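Quick notes on the structure that follows.
Numbering (my numbering), first residue to last: 8 to 174.
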């Protein structure tokens, strides 16, 4: 991901928050990301949202994406996509991106083009959503199945007729 290369070359076949996968070892010389490539073309490159390709040290992570060709990562670190992470962290990602567009982009645009990658958790955490009828037994996995948050956003309904395969 982010390199244009296939899994055998990047060795990224799962998220890095599992013991069996190492951090992505991208660098501008041997495994450049789109961030490296755009920087080479004169772009300022920034990144907001989930990453999943490496673990970051504790503390301020604003510069954590520099080895991957991106600046201005969020200071609160990476989001791993646990149940309801999209619900709780996607608004912060959106706010960080909107703030960057309002404050940093105009300043940077005076001297160079820019690229902002914005990566939300959703729809990833939908896999933890309880869609079965009440009488169905839920299989337990790494995370439990959750009901929708009790908020107006999740209480909306769209009256759509589903195809027969969904009955």
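By construction, the Cβ of each residue, glycine as well, lies at the ideal position given by its N, Cα and C atoms.
Please read these numbers as outputs of a predicted model, since none were measured by experiment.
Notebook entry, point to check: From 43, 92, 70 and 42, pick the residue whose C-alpha is nearest to that of residue 82; which is it?
Noted result: When only C-alpha atoms are compared, the closest one is 70.
Notebook entry, point to check: How far does the alpha helix (DSSP H) with residue 95 in it reach, from first residue to last?
Noted result: Counting along the chain, the alpha helix (DSSP H) containing residue 95 begins and ends at 92-116.
Margin query: With the cut-off set at 9 angstroms, would you say residue 58 and residue 85 are in Cβ contact?
Written below: Yes, these two residues count as a Cβ contact at 9 angstroms.
Next item on the list: Round the Cβ separation of residue 110 and residue 56 to the nearest angstrom and send it over; I've been treating them as touching at under 8 angstroms.
Entry: Residue 56 and residue 110 do not touch by the CB rule: their CB atoms are close to 17 angstroms apart, not below 8 angstroms.
Next item on the list: Could you name the residues that DSSP lists as bridge partners for residue 161?
Entry: Answer by DSSP bridge pairing: none, since residue 161 is not bridged.
Notebook entry, point to check: When the cut-off is 9 angstroms and only beta carbons count, does residue 72 lie next to chain B?
Noted result: You won't find chain B in this structure, because it holds only one protein chain.
Margin query: Please identify the residue among 42, 157 and 172 whose C-alpha is closest to the C-alpha of residue 54.
Written below: Per the Cα distances, 42.
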